[in-house]
Every structure is written in structure tokens, then in C-alpha cells.
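So the sequences go chain by chain: B and S.
Residues in the first sequence are numbered from 1 upward in steps of one, following the UniProt record's numbering.
Residues in the second sequence are numbered from 1 upward in steps of one, following the UniProt record's numbering.
This report refers to the structure that appears directly beneath it.
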Amino acid sequence: MDKNATRYSVQLYIYDLSRGMARSLSPIMLGKQLDGIWHTAIVAYGDEFFFGGEGISSCPPGGTMLGPPDTVVELGETEVSEEIFMDYLSSLGESTYRGDRYRLFEHNCNTFTNEVAQFLTGRPIPSYITDLPSEVLSTPFGQILRPILDSIHIAPPGGNVINGGRNI
Amino acid sequence: MTRKLTPNPSCSIGGVKMADQGVADPGNNNNNKPETSEGTIIKVTVKTPKDKEEIAIAEDASVTQFKEEISRRFKAKQDQLVLIFAGKILKDGDSLSQHGIKDGLTVHLVIKTAHKAGDGSSTSASSSTSTQAGSASGSSSGTNPSSTAGSTGSAPPSTQTPNILTGFGDLASLAGLGMGSANFMELQQQMQRQLMSNPEMLSQIMENPLVQNMMSNPDLMRQMIMANPQMQQLMERNPEISHMLNNPELMRQTMELARNPAMMQEMMRNQDRALSNLESIPGGYNALRRMYTDIQEPMFSAAREQFGSNPFSALGGSSESGAQPSRTENREPLPNPWGPPNSSNPSESGGSTTGSTSTTGGSNPSVSNPLGINPGSLGNGMFSSPGMQSLLQQISENPQLMQNMLSAPYMRSMMSSLAQNPELASQVLMNNPLFAGNPQLQEQFRAQLPIFLQQMQNPESMSVMTNPRAMQALMQIQQGLQTLQTEAPGLMPSLMTGGIPGIPTGGGMPVENPAPSPSSAATNTAQQQLMQQMLQMFAGGGAGGSATTQTPEVRFQSQLDQLNAMGFINREANLQALIATGGDINAAIERLLGSQPS
């Protein structure tokens, strides 16, 4: 199985959008403990990739307005070259990950990260991140806020949109 | 990896045979039907970015064979296919089992298109999106006039950045900013920090054609800079700065500078050198010192203030009004999500800045308070609460605020969801600090809630709220009513307490002229009913409302014409005056003459 293929390391950058507020306020507001409102991005080939209201974007690692990540998880290594990866991202950006397909609960940045992580390494991202929407929706408060939250598109400024096709 | 020997005797050596069979029966495979010989044929899901298909293939097949199958199914050439599994690229010489591809697993496929995708990332780097670009450009060009004012004193560009950035950038980015859950101000600061720490980003932003476009327009730049009140102050104190701003040549130069960071650095270095030379001249040190204290210090403190304070301080007269947007954006995690956009648009600012506007008094017309409305005189009942007053004042001073707030993307959905869920709305409202201390108010509000919510939905009321003049007019009306109330208490004793839940419902007032109508109603309850009716009519839609009752315009048409002929060309003011005086021209004229500052 030893191929002399170049391997690229893949990391997951996890950001807490609430900056700690979720950790302290969630028991009161939702009735359950949520440690954060997670936004994730994949870092590979020296760039950070994430999905937001504008579509798939990229920026230097830690280069969005959110600043440095709260947690970094090593997802492993991939043999996929950058070229193939960009092809892949372009295709994604034209189809299921166009900007207008962003849905805060069902099809958000973490959905994207999960898919890309599986593509690159075969492994999904930690489940506490992907479980977050259902955790929130299972609380009465989450249900109430749902219509409001549904219309929110998280798009951390600082990234450049990868044009699979014009998103805007 | 080891080959799996399946227990099925027909496949023991026949792995290859099975594979052949598998490939030789394309018809079967293509239909996704499970092969009769289980175990050797596995179903692998092949997933592309756009698509996914299940492909049945022999377990021991080679990657090449797999690709053949795939190329048939996906209608692509075999050499365009790149298969990825568990992060590894499947090479033609491998076998599926080598990689551990089993039944039910997913293999990723990328179909290589001819052109280089690599371009995508590099071009996108230069065509950065957004408002952030726009705002950052505002900032850096803002820095330059001051940096080239090198002779008058230099402020490091980076400190200037927040100054202009906050003045301009956030206005544009507000509507588009999706980060509802994060603290807006913090985001702002983060962005600035990011900008400062990442010079590359700055140059990327510079390359953005939108930015360049803006920067090449010196008028726009100048306007932006001058809009910032700190800058204005500074300019008053140091007329040289205004000279500098007005010199187009200089502006152009500084914009060039902004575009070219290397040039900027050069310039800075020159300035520094010049300054240090100055030091050595006798008396030079003092001159330097003077320069610093006169110019740099105020700039620094202005910048620092800006850095810490909210972007909207550039818009509103008071820095506290800046706090509004942060409240607005910060709706999400707060236990009080309905607080800000609430009718109590009033309450939003009121709630957050009840203490702030000590300038609530002020009956003299000022730039920001053109009608000279003294919120203190806005009367009794609900409107006498200080929160309401400051709110009203702020609304009239800060039209932009209303506009931004209402145009925030999730405003509408929030309002509609609240309209559908009155219980939630009332819950939220009760939590609202403005109402907290006033149970009477709460009661009134609760009663009015459904109507009120409907009203909010009404796009007309929306437009009323975003129209600063309309807001002012509303306030005027309120004022008028108050005066009437005090002057002729018998006429409408409890008009105010008849449950006017807020400014938008106050909007119901101009549609129906409240003044004459109560004269026909003798009792309080009748008046209240009337109010209810009016509100309902308003909520029912402007068209409906005006169909059943004549709009004031129609009613006062002849009076309006007369006023016009007399030279009162401000139609709106005329209308308001007529409404307030019930169509009495003379009284209206007196009103107009009295309230117009000029």
C-alpha cells in the first residue's frame, strides 16, 4: 500500500460564533447545554475553505473576521491534489453549495465541511458539530426562533468566493 | 490488503471470472439489480459533487474496470475520472479491495474538466467580494489625507483606519452582514484588527475594481471623510486639514498612495526622516511638540474613540445612538429577541439609551432636531416615559437607523413570525425593559397586540417608519394632540390613554383625523372604540382605509390649495398642520409659522 504519493494534511478549524455566550446562556435559554455555536472550515493546501451565505469561500487560514479558530482538529491526510480539489470545489459550488442554497439548519457551513472532510480523508467531522442544529431545534425556544433563524445567512467576511459559477 | 475469499464456492478461483462476468453483463449492472451471486458483487456508491449513483461491481475488480463502469454510467472519459476513497486516489493498477472498498461504501468521483481549476482561486483572490472591501477602502483613503498632511503632523494610518472605517464601512455592510449571533461591535473590531494584521488582505481589497472605482472619485472620498463628526471637529480646529481635503490634486495623490502600499511606506519613511530632522533644528522640538498636541492627539483620541465605539456614531448625532445597531444585530442570543425591532422601535433605542440622551430637552431647533421637538413636552400618557421620549427624538434624528433596522434581512421574517405567534410576541414585549415598569402600558399593549402586529406587516407602515419626515410628522401630530389635550381637556380627556401602543399606531392617526371625530363621541369608551376602529382600518391596509374614509389630503384639498397659494409650499407640513387643526386654515397657518424654524 505504499505509494509515493504526496500527502497533504487536512485540518478542521472550529469557531464559536457566539464567543462563549452560548456556553453560558444556553442552559437558560434553551434548557440544554450547548458549548458553542459552531462554524467550521476546512484548511488544506495552505488555505481555509468554508461555505456561507455567499457560497464556497476561501481565505488564508484564520483569515476571516472571526479571527483565529477556537479549536483545530487534525482530520488526517489526503492524497488528493490541490488541482483536483479545486475542481471538486468548483463543481460543488455550482450545484449543492451555491450561495443561495445556504440553510442555517440543514445545509450550512458544517454540512459543507463534513462533506469535504469525507471527500478528502474519508472521515467525517466530529458529531457534536453536525448535531448542533438538531440539538437546537429540539428545544421549544429553538422551534420558536426557527423562522427567524432560517433567514439568517452566516457569511464571515474576509473570504473570497470561489466561483464555480456566479453566485451573486 | 489480503484478498477476501468469499465462502461462495462458485467464486473461489473464479474471482476473475466473476469480474469478467460482471463487466461482460453491462445490461445487468446498469440496472442496479443485485447480481445473483452475492458476495462478489458489491454495490458501491459513487458520488460526484453534483450527483451520485450506485454501481455494482465485482469485489475483486480492479480500479480500471471500475472506471470503465463509471465512465459508462457518468458519460465521461475514463482518463477524466479521478476516484478518491478515504483520502486516497485510486490508481488504475489497484484493486478495489486493496483500498478496502466494500459493499455500501462511498467512493468520491471528480470528473476532471479540461480547464485548470487553479485559476479559480487566484482570480477570486483579486475579485474579493463585498462591502468589507468597500469599507476598508474608505478607511485607507481616509488615512491618506492625514498622512500626507505630513507637514502639519502625521498620524499613523493604522489608527486612522478605524476612524473612517467605522464611519462608512458599516453602513454598507450592515444590511449584508449575516452574523446575527455575534456581537456586532466586536465583529467590527475584529475586522479592523484583521485588516491591520493582514497586509495582504489590504492589497487584495485595493485591487478590487469596486474599490478602485470609489477611490478614483475624489468627491466621494471627501464626502465620506467629512461626514465623520470627529473629522469635522478636527477640521474646525485645524483649517489646514480642510484645505488639504479640498485640494483635488492632493486627494488624488493620496488615493494613489492607498493603492500602492509600497509607495505609502516610502512616503511614511520620508516623513519620519523629515520629522526627525526637524528635531535637530533649534526650536524644532517645540514645534514638533506643538504639532503633536494640536493635531495628533485629537486625532488619536478621535480614532481611539471610534475604535471602541460603534460605527453608527458617525451617522447619528449622539454616540449612544450608535449603540442601536449593536442591539439590533444582537437580537439572537438575547433573551429578548423581539426587543429591538419592536414597535417599540421606540423601545429599542429607548430601552438601551434611556439614560443616554440627556439632551432630550432641547426645544430649540438644532441640526439634528430640526423641528425643535422637545420630547419632554410630548405629553402625558405613554409618551411621557423618558424612554419613549428619547426614543422619539432619536428616531427623528437618526433616520438612517430606522432604515437600516427595518431593512435588516431578517426583520421581515421575524415580524411575520411574531405576527403569527402572538403569545411569543407578548412574552417578548413584556420582557422589554421599556414596558417593564409600567403595567398599565403592558395591558394596553397586550390588547392592541394583534392589531399592532398586523400593522407592522403593512408595508405602508413600514414606509412610514423609514421615512424620516413621516416620523417627524407623526411626532408633530402627537405634539399637536398633546397641546390640544391640555388646551381643551374636555374635548378628548383620555385620548392618549385610549391605548396607543406606539409610534406606528400613531401612524394610524394621520390617516384618520382624530381631532374632530372625538368631538362626536361623548364618552371615553366611545373614543377608545373609535381608536380601535382607526387602528384596525389602518392595519387593514392603506387602500381599504382610504377607501372608506377620505384621506386627509382629499379632505383638505381646498385648504391645501389655499395654503399653497399663500406661499406655504411645504405640502407635508401643510397637511400636518391642517390635520392638527382640523382643517382650520388660520390655525394651520399659525402652526406653520410657529413651528418652522425659519
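Don't be surprised by glycine CBs; every beta carbon is placed ideally from N, CA and C.
Answer yes or no: the CB of residue i versus the heavy atoms of the ligand NAP, is any distance below 7 angstroms?
i      : result
S/R269 : For the structure depicted, the ligand NAP is absent and the ligand set is empty, with no information on it obtainable.
Using 10 angstroms around the beta-carbon of residue i, count the other beta-carbons present and answer buried if the total reaches 16, otherwise exposed.
i                      : result
S/I579                 : buried
B/T64                  : buried
residue 188 of chain B : This structure leaves residue 188 of chain B out entirely; chain B is present only between 1 and 168.
B/D100                 : exposed
S/G594                 : exposed
B/D16                  : buried
S/E59                  : buried
B/S24                  : exposed
S/T581                 : buried
S/M267                 : buried
S/G567                 : exposed
S/G339                 : Unreliable placement is indicated for S/G339, whose pLDDT of 48 sits below 50; the coordinate value is still reported in the next sentence. Buried.
S/T486                 : exposed
B/S18                  : buried
B/A22                  : buried
S/E69                  : buried
S/R269                 : exposed
Nearest to residue i by CA position, among the options, is which residue?
i      : options                          : result
S/G93  : S/Q271, S/D584, S/R237 and S/Q65 : S/Q65
B/E74  : B/I162, B/S26, B/I42 and B/L34   : B/I42
B/K32  : B/M86, B/S81 and B/L132          : B/L132
B/Y102 : B/A44, B/D16 and B/F51           : B/F51
B/G36  : B/G55, B/F49, B/E48 and B/I14    : B/I14
B/G158 : B/P27, B/Q118 and B/P60          : B/P60
S/E553 : S/N574, S/Q485 and S/G567        : S/N574
B/A117 : B/A44, B/R7 and B/R98            : B/A44
B/E28  : B/R146, B/V136 and B/P156        : As written in the sequence, residue 28 of chain B is Ile, which differs from the Glu given in the question. Minimum Cα distance to B/I28 is reached at B/V136.
S/K50  : B/T96, B/F112 and B/F119         : B/T96
B/A5   : B/S138, B/N114, B/S81 and B/T130 : B/S81
S/R73  : S/Q98, S/Q476, S/A56 and S/E590  : S/A56
B/G20  : B/H39, B/M86 and B/E77           : B/H39
S/L96  : S/L592, S/V63, S/M268 and S/M267 : S/V63
B/Y88  : S/Q482, S/L109 and S/T40         : S/L109
B/Y8   : B/V72, B/S18, B/A22 and B/F85    : B/F85
B/I144 : B/A22, B/L30 and B/S18           : B/L30
Can you tell me the Cβ-Cβ gap for residue i and residue j, rounded? I've got them flagged as a contact below 8 angstroms.
i      : j      : result
S/T106 : S/K43  : At roughly 11 angstroms, the Cβ-Cβ gap does not stay under 8 angstroms, so S/T106 and S/K43 are not in contact.
B/E79  : S/G87  : 6 angstroms
S/Q576 : S/A473 : 5 angstroms
B/L66  : B/P156 : 5 angstroms
B/I154 : B/C109 : 7 angstroms
B/S58  : B/D47  : 5 angstroms
B/T130 : B/N114 : 6 angstroms
B/T111 : B/V10  : No, B/T111 and B/V10 are not in contact; Cβ-Cβ is about 17 angstroms, not under 8 angstroms.
Using a beta-carbon distance below 8 angstroms, is residue i in contact with chain C?
i     : result
B/V43 : Absent here is chain C; the protein component of the structure consists of chains B and S.
Apart from the five residues just before and just after residue i, which ones in its own chain have a Cβ nearer than 7 angstroms to its Cβ?
i      : result
S/K112 : Q80 and V82
S/N103 : Before going on, a small fix: residue 103 of chain S reads as Asp here, not Asn. Answer for S/D103: I42 and K43, listed in chain order.
B/S26  : K32, Q33 and L34
B/P124 : N114, A117 and Q118
S/N277 : none
B/G142 : L30 and V136
If I measure Cβ to Cβ from residue i and keep anything under 8 angstroms in the same chain, skipping five residues before and after, which residues do I get?
i      : result
S/R571 : L560 and N564
B/D150 : R103, L104 and F105
B/I152 : L104
B/G62  : Y13, E48, P68 and P69
S/I89  : V82 and L83
B/E77  : R7, Y8, S9, V10 and T121
S/Q265 : none
Between which residues of its own chain and residue i is the CB-CB distance below 6 angstroms, once the five residues before and five after are set aside?
i     : result
B/G55 : G93, R98, G99, V161 and N167
S/A67 : The question names Ala, yet the displayed sequence has Lys at residue 67 of chain S. The answer, listed in chain order, is Q78 and L81.
B/E83 : none
Going along the region 121 to 141 of chain B in order, which residues come within less than 9 angstroms of chain S, judged by CB to CB distance? T121, G122 and R123
Note down, in chain order, all residues in the region 72 to 97 of chain S with a beta-carbon under 8 angstroms from any beta-carbon belonging to chain B. V82, I84, F85, A86, G87, K88, I89 and K91
Selection of the region 76 to 101 of chain B by Cβ proximity to chain S, strictly under 9 angstroms: G76, E77, T78, E79, V80, S81, E82, E83, I84, F85, M86, D87, Y88, L89, S90, S91, L92, G93, E94, S95, T96 and Y97
Residues, ordered as in the chain, of the region 100 to 114 of chain S that lie near chain B by beta-carbon distance below 7 angstroms: H108, V110, K112 and T113
Against chain B: residues of the region 47 to 58 of chain S by CB proximity under 9 angstroms: K47, T48, P49, K50 and D51
Listed from N- to C-terminal order along the chain, which residues in the region 100 to 120 of chain B have their beta-carbon within a distance smaller than 8 angstroms of any beta-carbon of chain S? Q118, F119 and L120
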